[in-house]
Amino acid sequence: MVVGIQPCFRESRPDPSGAQAAPACLKGRDKPPVRGKCGAGRNHGGAKGLAGQTGRTLFRLVQRPPEITGESVMKENDTQSKLSLKLQAYQYLKAKILSCEYRPNEFLNEQKLCAEMGNISRTPMRDALGRLEQEGLITILPKKGLMVSGITEEDVHSMFEMRLLVEPYALRTYGSALPMEKLEQFRELMLHPDRIEDFCESDDIFHELLMSTLPNKYLRSAYDRITGLNTRFRIMTGKVSMINQDQTCEEHLLILDAALREDWVGASQALQSHLELARDKAEGVIKVIRLW
Numbered sequence: 104m105v106v107g108i109q110p111c112f113r114e115s116r117p118d119p120s121g122a123q124a125a126p127a128c129l130k131g132r133d134k135p136p137v138r139g140k141c142g143a144g145r146n147h148g149g150a151k152g153l154a155g156q157t158g159r160t161l162f163r164l165v166q167r168p169p170e171i172t173g174e175s176v177m178k179e180n181d182t183q184s185k186l187s188l189k190l191q192a193y194q195y196l197k198a199k200i201l202s203c204e205y206r207p208n209e210f211l212n213e214q215k216l217c218a219e220m221g222n223i224s225r226t227p228m229r230d231a232l233g234r235l236e237q238e239g240l241i242t243i244l245p246k247k248g249l250m251v252s253g254i255t256e257e258d259v260h261s262m263f264e265m266r267l268l269v270e271p272y273a274l275r276t277y278g279s280a281l282p283m284e285k286l287e288q289f290r291e292l293m294l295h296p297d298r299i300e301d302f303c304e305s306d307d308i309f310h311e312l313l314m315s316t317l318p319n320k321y322l323r324s325a326y327d328r329i330t331g332l333n334t335r336f337r338i339m340t341g342k343v344s345m346i347n348q349d350q351t352c353e354e355h356l357l358i359l360d361a362a363l364r365e366d367w368v369g370a371s372q373a374l375q376s377h378l379e380l381a382r383d384k385a386e387g388v389i390k391v392i393r394l395w
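Take any residue in the sequence shown, count from 1 to its spot, add 103: that is its number in the working numbering.
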């Protein structure tokens, strides 16, 4: 980084004697001429002295950029590689947990997990596990090890309580920022449910759209945490039909029709009713099957 010297734009005042006055910013710097043995005058305040002084000042102020060496490039590449491995480990483990390939309450071995990913080092793996613990997907038990977090009946109740608090609020308050063309596309899709290949995925995308304009990062973070819980709960209860496609499409259409009229209060009320029905179905499922 080069630090520039501020030029002096202040006008010098004329000397009554007619001599040229030094600029105001240089006052106090002039020194009387020093006579050497040869009799030549060396005026340190003159043009040559100022030029030399300025040159020395610039020499002190100029900072050379760090030299790029093979070692520095290797260090940078190594850092990027570690970050990439952390992300890969996180995404790999999260996908396994959300798909219930790693079952709830199943114990995991850190060394085996590293081997599964091609014998990566423990540093990126531990970073990924710590991140998953913060998201509530992994539980670290002292003297026991790592365990995939289970899902309890209380977890399911809490999940729907959070959804009922956040989703209608987000739609009522920030729904006006939703893209109308996306809402129209979903309305067309709900009118033809036979065109939907994966209904659960379509349902997730629809609710994500309704939440997409929520600007509050704290509410958003809390909501994102329960989406994984919802995914796992659906997979765990897959043998029991939780979703009636025709009924769900009708409920979605009530939400969409109100939103397309820009009736955000009506849309949020329809969403509230939709979530309450989903909660009641989930509670009925819990009574039928045993969660892991």
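Backbone N, C-alpha and C define an ideal beta-carbon position, used for all residues, glycine too.
When secondary structure is reduced to three states using DSSP, THR242 falls in the strand class. In the DSSP assignment, GLY248 falls within the unbroken beta strand (DSSP E) covering 248-251.
Its Cα nearest to that of TRP367, the residue MET283 stands out among ASP349, MET283 and GLU300. ASP230: member of the alpha helix (DSSP H) spanning 225-237, first to last residue. Partner residues in the beta bridge of LEU211, as assigned by DSSP, are LEU249. Going by beta carbons, ILE241 and VAL251 fall inside the 8 Å limit. Apart from the 5 residues on each side of it in sequence, CYS217 sits with its Cβ closer than 8 Å to the Cβ of ILE223, SER224, ARG225 and MET228 in its chain, given in chain order. Of the other Cβ atoms in all chains shown, fewer than 16 fall within 10 Å of the Cβ of HIS295; this residue is therefore exposed.
With respect to the 8 Å criterion, ILE254 and LEU201 are not classified as neighbours on the basis of their beta carbons.
With a cutoff of 8 Å on beta-carbon distance, LEU281 and ALA362 are scored as near each other. For TYR326, the enclosing alpha helix (DSSP H) begins and ends at 320-339. In the structure shown, ASP366 adopts coil according to DSSP, grouped into three states. Cα atoms of LEU380 and LEU249: separation of roughly 36 Å, rounded to the nearest angstrom.
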